[in-house]
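Enquirer:
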Amino acid sequence: MGQFIFGKRNNIHIINLEQSLPLFNDALNFVSKLASQKGRILFVGTKRAAQDAIREDAERAGMPYVNRRWLGGMLTNYQTVRQSIKRLDAIQEMMDSGKTEGLKKKEILDLTREQEKLEKSIGGIRKMGGLPDAMFVIDVEHESIAVKEARKLGIPVIAVVDSNSDPDGVDYVIPGNDDSMRAIRLYTANFADAILEGRASVTTADANEEFVEVAEESAETAGE
């Protein structure tokens with residue numbers, strides 16, 4: 020990461036914005052384009068400083084996320100994870116439909132605990148519907164297992180990489196502070212905005228096509 024460091028002050032590395040900002044914009048353009056193609060971007064940040072920002076901005080963008088513990092095989096063994104998602108859906112359906120009314124209190128308590136445990140571990144990817152098309156990561160060192168799984172499956176990795184981390188294996192490197200809650204919020208918010216803009220461009224294009232089709236039909240009718 021030395022090429023991205025401008026200098027050092029009070030034992031703290033200073034990131035060179037002239038180099039980092041273009042890379043940040045490249046990453047935003049990539050996810051925006053992917054979103055315009057209806058791609059899925061998985062947000063990953065499980066350390067305490069990132070948990071809230073990851074969840075809130077992923078939900079705002081309508082994207083899956085992992086903000087608790089990364090379970091080994093979450094991507095490489097997705098079929099097994101999918102079974103857990105089905106189980107979570109089944110418990111939710113039981114709770115919502117009143118099918119638990121005939122159960123004993125202990126059985127209901129066990130189901131509730133199982134639901135809470137599953138929701139905590141896989142709730143963020145519950146509606147992912149398959150492997151993601153890209154993965155956005157806060158802190159590659161902390162999320163090294165997630166990065167390795169994505170690389171193994173050929174899933175592009177976009178990551179905020181601090182000065183003390185190794186960018187190897189990251190397709191879109193964003194040099195920056197991955198410890199500060201304020202900085203993390205800046206990254207996640209910008210990514211959510213880029214995704215929403217990408218999706219909005221699809222909606223606008225679809226609306227324009229619809230308008231053209233209607234206009235053509237009206238013209239044909241008038242000419243008859």
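In my numbering, the protein residues as written are 20 to 243.
For every residue, glycine included, the Cβ atom is placed at its ideal position computed from N, Cα and C.
These figures come from a predicted structure and were not determined experimentally.
#1: Keeping to the same chain, check which residues put their C-beta closer than 6 Å to that of residue 179; ignore five residues upstream and five downstream.
#2: Which two residues bound the contiguous alpha helix (DSSP H) that contains residue 113?
#3: DSSP state of residue 31, grouped into three classes?
#4: According to DSSP, simplified to helix, strand and coil, what is residue 127?
#5: Pick out whichever of 42, 114, 54, 127 has its Cα sitting closest to the Cα of residue 77.
#6: Among 183, 108, 109, 58, which has the Cα closest to the Cα of residue 80?
#7: For residue 122, which of helix, strand or coil comes out of DSSP?
#8: Starting from residue 179, trace the beta strand (DSSP E) in both directions and tell me its first and last residue.
#9: Is residue 204 closer than 7 Å to residue 72 when the C-beta atoms are compared?
#10: Please state the DSSP three-state secondary structure of residue 194.
#11: When you compare only the Cα positions, how much space is there between residue 60 and residue 169?
#12: Between residue 86 and residue 64, is the Cβ-Cβ spacing less than 7 Å?
#13: For the alpha helix (DSSP H) containing residue 172, name the first residue and the last one.
#14: To the nearest angstrom, how far is the alpha carbon of residue 147 from that of residue 190?
#15: Since residue 213 and residue 50 are thought to touch, with beta carbons under 8 Å apart, how far apart are those beta carbons, to the nearest angstrom?
#16: Quick one: what does DSSP say residue 200 is sitting in, helix, strand or coil?
#17: Suppose you measure from the CA of residue 115 to the CA of residue 122; what does that come to, to the nearest Å?
#18: Would a C-beta distance cut-off of 7 Å place residue 141 and residue 89 closer than the cut-off?
#19: How far does the alpha helix (DSSP H) with residue 73 in it reach, from first residue to last?
#20: Would you say residue 83 and residue 143 are within 7 Å of each other, going by their C-beta atoms?
#21: If we call anything under 7 Å between Cβ atoms a contact, is residue 145 one with residue 104?
Expert: In this structure, then:
#1: The answer, listed in chain order, is 157, 193, 195, 197, 206.
#2: Counting along the chain, the alpha helix (DSSP H) containing residue 113 begins and ends at 97-116.
#3: In this prediction, residue 31 scores a pLDDT of 49, lower than 50, which makes its location untrustworthy; the coordinate-derived value is nonetheless stated afterwards. Here residue 31 carries a strand assignment [DSSP, helix/strand/coil].
#4: Residue state, collapsed to three classes: helix.
#5: In terms of Cα proximity to residue 77, the closest of 42, 114, 54, 127 is 54.
#6: Nearest of 183, 108, 109, 58 to residue 80, Cα basis: 58.
#7: DSSP places residue 122 outside both helix and strand once states are collapsed to three, so it counts as coil.
#8: It spans 176-180 - the beta strand (DSSP E) in which residue 179 sits, taken as one unbroken run.
#9: Yes; because the gap between Cβ atoms is below 7 Å, this pair is in contact.
#10: Strand, per DSSP.
#11: Across the structure, residue 60 and residue 169 are spaced so that their CA atoms are roughly 12 Å apart.
#12: Residue 64 is positioned such that its CB atom lies closer than 7 Å to that of residue 86.
#13: Residue 172 -> alpha helix (DSSP H) spans 163-172.
#14: Distance between the alpha carbons of residue 147 and residue 190 is about 22 Å.
#15: About 5 Å; that satisfies the 8 Å criterion.
#16: In this structure, DSSP gives residue 200 a helical state, which the three-state scheme calls helix.
#17: The alpha-carbon atoms of residue 115 and residue 122 are separated by roughly 14 Å.
#18: No, these two residues do not count as a Cβ contact at 7 Å.
#19: Counting along the chain, the alpha helix (DSSP H) containing residue 73 begins and ends at 67-80.
#20: For the pair residue 83 and residue 143, the CB atoms are nearer than the 7 Å cut-off.
#21: At the C-beta level, residue 145 and residue 104 come within 7 Å of one another.
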